[in-house]
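**Q** Numbering (the numbering used here), first residue to last: 7 to 554.
1. Looking only at C-alpha atoms, which of 151, 186, 122 and 348 sits nearest to residue 216?
2. Do you know offhand how far residue 379's Cα is from residue 93's?
3. Whole angstroms is fine: what's the gap from residue 405's alpha carbon to residue 383's?
4. Do you know offhand how far residue 110's Cα is from residue 186's?
5. Near residue 381, which residues of its chain fall below 7 Å by C-beta distance, leaving aside the five closest residues on each side in sequence?
6. In whole angstroms, give me the CA-to-CA distance for residue 485 and residue 499.
7. Should residue 56 go down as buried or exposed, given a rule of 16 or more other Cβ atoms within 10 Å for buried?
8. Could you tell me whether any Cβ in chain D is nearer than 8 Å to the Cβ of residue 165?
9. How should residue 415 be labelled, buried or exposed, when 16 other C-beta atoms within 10 angstroms of its C-beta is the threshold for buried?
10. Excluding five sequence neighbours on each side, which residues of the same chain lie with their C-beta closer than 7 Å to the C-beta of residue 205?
11. Could you give the C-beta distance for residue 213 and residue 90, rounded to a whole number, given that I count them as a contact under 8 Å?
12. As a quick exercise: from 513, 368, 519 and 532, pick the residue whose alpha carbon is nearest that of residue 494.
13. Could you give the distance in angstroms between the alpha-carbon of residue 135 and the alpha-carbon of residue 198?
14. With distances taken from CA atoms, which of 502, 528, 508 and 259 is nearest residue 522?
15. Would you call the region 69 to 79 and the region 258 to 271 touching, i.e. three or more CB-CB distances under 8 Å?
16. Is the region 98 to 117 touching the region 146 to 166 in the sense that three or more CB pairs, one from each, lie closer than 8 Å?
17. The beta strand (DSSP E) with residue 532 in it runs from where to where?
18. Buried or exposed: residue 44, going by 16 or more other Cβ atoms within 10 Å of its Cβ?
19. What are the residues that DSSP puts in a beta bridge with residue 540?
20. Measure the C-alpha to C-alpha separation of residue 128 and residue 17 and round it to an integer number of angstroms.
21. Tell me the rounded alpha-carbon separation between residue 172 and residue 210.
22. What is the rounded straight-line gap between the Cα of residue 440 and the Cα of residue 520?
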C-alpha cells in the first residue's frame, strides 16, 4: 500500500509522523545508552569487588587450603565475567547506540530534503492556481465592462437627441471592451488548462513520488530498529558461552574443595613434633614431713619410684601451654630455633631452597660475565675486559656468601633431622641426660644455636669450692623468685629437685650456660634448668635472666 495514492492529501500528518519516527529511534538509542552505562557500572563494581577481596599478601604467603584456592579461582572467574560485561557495554555502545545516532542524522537530512521537495511542489501548484484565478477574475471584470459598453451603446443608439459622434464613440468603446473580454477569456482558458495539468501532475506524479520517498525512508527506519533490536540481543548472546565457561570454572572450583587435603595442610602447617602429654604423676607433698637431712645442706632427695619419666612431664607441660593457651612468642632467631622442631625444619628447608635459587642466578650471571669478558678479550673494539672485573668480583663474593649461608643452614637442618625425635616420626627426644632437653629446647620452643651446647650438664665447680659456698653460715641473698613450669628430678650433683608449680628463690642468675641457681623454701640450694622456670627478678637486683 502506497502513501502516494492513499494519503495524497495528508502532507502535514505525514510530516508529523516521520518526525515521530526519528524521535522514537533516538529514544531507543537513549535507552541503549543507559543500558550501556548500567553494564559499565556493573562491570566496574564487580572489578572493585574482586579487588577488595583478593589477597593482599604475596603469593608465597597465601593459604594453600583448597577452600581458599577455590575462592581465589572464583574471584578470577568473576573478574573475567566482569570483562565480558565490559565487552557487552562496548559492543552496545558501538554497534547499537553509535550506529543509531549516525543513522538518525542521515534520516533527518533525508527527511528534510523530501519535505522541501514537497513544499516546492505545493508552492508551484499554488502559483499556477493564483495565475489561473487572476485570469479568471480579469475575464469576469472585462465581461462586466463589455456589458456596460453594450448597454451604453444601445441607449445612445435609441436616443433621438444623441449625436452621431456620440453614437460612434459608444460603438467604438463597445468594440474595444468586447475585444478585451475575448482576450481575457482566451487567457483564462489557457491558465485554467495549465493549472489543471499542473494539478494532475502534482497529485498524480510529484506528491506520490515524494510520499513514496518518505515511505521508503520510514520503512528503512523501521527495519533499522528491528536490526538494532536483534543486535541488542546478539551482543549479549555472543558472550554467553564465555560467561558459561566462567560459571563452569566457579562450579569446578567449588568441586575442588577437599576437606581432607585442608586438614592435612593444617597438620603440616602447625605440627610441632612434640609428644602428646602423658599422665599426671602423683605428687606426694608429705615427703617434707619425713625429711631427716639437714636443711642447710644440699642433698638429692629420694627418687619416687612412681615418678614418671621427665620427658613425659615435659611433653605434658608443653602441650598444656601450647594447646590450651597462647603460644609464647620467643625472639626470632636466625636458625629458627625459636620454633618447634617440625616447623624449624620446614623453615630451614624453605630458606635453603630460596638461597639455592639466588645462588643459581649468581652463577648464571658469573658465566655470562665470563663469556662477555672472553668476547671483549678477542675483540677489544667491542669493550674493555677490565671494566667487567669489578662486577665479576662482586658476583664471586655473592656466590661465596650464598654458599656459606647454604652450608650454615644445611648444618642447622642436619642438626634438627639428626635428633632422635626427628628420625623417629620427628617426635622430641626430650633427653634428660644431664637434665637438659636435646638442643636445649625451652617451653617457648627455643634452642641453642651452637650444637656444642647440646647434652650439656650443669656447671661443675670445684667440689671443695662448691662445699664452701653451701656450708657458709651466711647464705646468698635472694635476688628474685621463680615458678617451676615443669617438674625436674636433679640426679647430678649440684642440681635441685623441683615439682611443677613449685616456687623457688633465685640466688644467682643464668650466666649463659642454661642453668640458674635457686633455693627452696626449706633452704635447699642447687641448679635448675633456666628454661624450666618462669623467673621474676627484684627491681633492685643486678643483671638480667639470660634466655637461650
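Glycine is no exception: its CB is placed at the ideal position from the N, C-alpha and C atoms.
Remember, it's a predicted structure, so these values are computed and weren't measured experimentally.
**A** Checking against the coordinates, here is how it stands:
1. The residue you call residue 216 lines up with position 210 of the chain shown. Selected option, being the one with the closest Cα: 122.
2. Residue mapping note: residue 379 aligns to position 373 of the chain shown, counting from 1. Residue mapping note: residue 93 aligns to position 87 of the chain shown, counting from 1. Taking the straight line from one Cα to the other gives about 53 Å.
3. Locating residue 405 in the chain shown gives position 399, counting from the first residue. Locating residue 383 in the chain shown gives position 377, counting from the first residue. If you take the alpha carbons of residue 405 and residue 383, they lie about 24 Å apart.
4. Within the chain shown, the letter at position 104 stands for residue 110. Within the chain shown, the letter at position 180 stands for residue 186. So the two alpha carbons sit approximately 58 Å from each other.
5. Taking the chain shown and counting its residues from 1, one reaches residue 381 at position 375. These residues qualify, in order along the chain: 388.
6. Sequence index remark: in the chain shown, residue 485 carries index 479 (1-based). Sequence index remark: in the chain shown, residue 499 carries index 493 (1-based). Distance between the alpha carbons of residue 485 and residue 499: 23 Å.
7. Working through the chain shown from its first residue, we reach residue 56 at position 50. The residue is buried, with at least 16 neighbouring Cβ atoms inside 10 Å.
8. Of the protein chains in the structure, only one exists, and it is not chain D.
9. Numbered from 1 along the chain shown, position 409 holds the residue referred to as residue 415. Residue 415 is buried by the Cβ-count criterion.
10. Locating residue 205 in the chain shown gives position 199, counting from the first residue. Answer for residue 205: 131, listed in chain order.
11. Stepping through the chain shown from its first residue, residue 213 is reached at position 207. Stepping through the chain shown from its first residue, residue 90 is reached at position 84. With a Cβ gap of about 52 Å, residue 213 and residue 90 do not count as contacting.
12. Numbered from 1 along the chain shown, position 488 holds the residue referred to as residue 494. It is 532 whose Cα lies nearest to the Cα of residue 494.
13. Locating residue 135 in the chain shown gives position 129, where the first residue counts as 1. Locating residue 198 in the chain shown gives position 192, where the first residue counts as 1. Going from the Cα of residue 135 to the Cα of residue 198 covers about 8 Å.
14. Here the question's residue 522 lines up with position 516 in the chain shown. Out of 502, 528, 508 and 259, 502 has the C-alpha closest to the C-alpha of residue 522.
15. yes
16. No contact exists between the region 146 to 166 and the region 98 to 117.
17. One-based indexing of the chain shown puts residue 532 at position 526. First-last of the beta strand (DSSP E) with residue 532: 531 to 535.
18. As a first step, residue 44 is located in the chain shown; it is residue number 38 there, counting from the start. With fewer than 16 Cβ atoms within 10 Å of its Cβ, residue 44 is classed as exposed.
19. If you number the chain shown from 1, residue 540 lands on position 534. According to DSSP, residue pairing for residue 540 in a beta bridge involves 489.
20. By one-based count along the chain shown, residue 128 stands at place 122. By one-based count along the chain shown, residue 17 stands at place 11. Each residue's Cα considered, the two are about 10 Å apart.
21. Counting from one through the chain shown, the residue named residue 172 turns up at place 166. Counting from one through the chain shown, the residue named residue 210 turns up at place 204. Each residue's alpha carbon lies about 56 Å from the other.
22. Against the chain shown, residue 440 aligns to sequence position 434. Against the chain shown, residue 520 aligns to sequence position 514. In this predicted model, residue 440 has a pLDDT of only 36, less than 50, meaning its place in the structure is not dependable; the value taken from the coordinates is given anyway. In a straight line, the C-alpha of residue 440 is about 12 Å away from that of residue 520.
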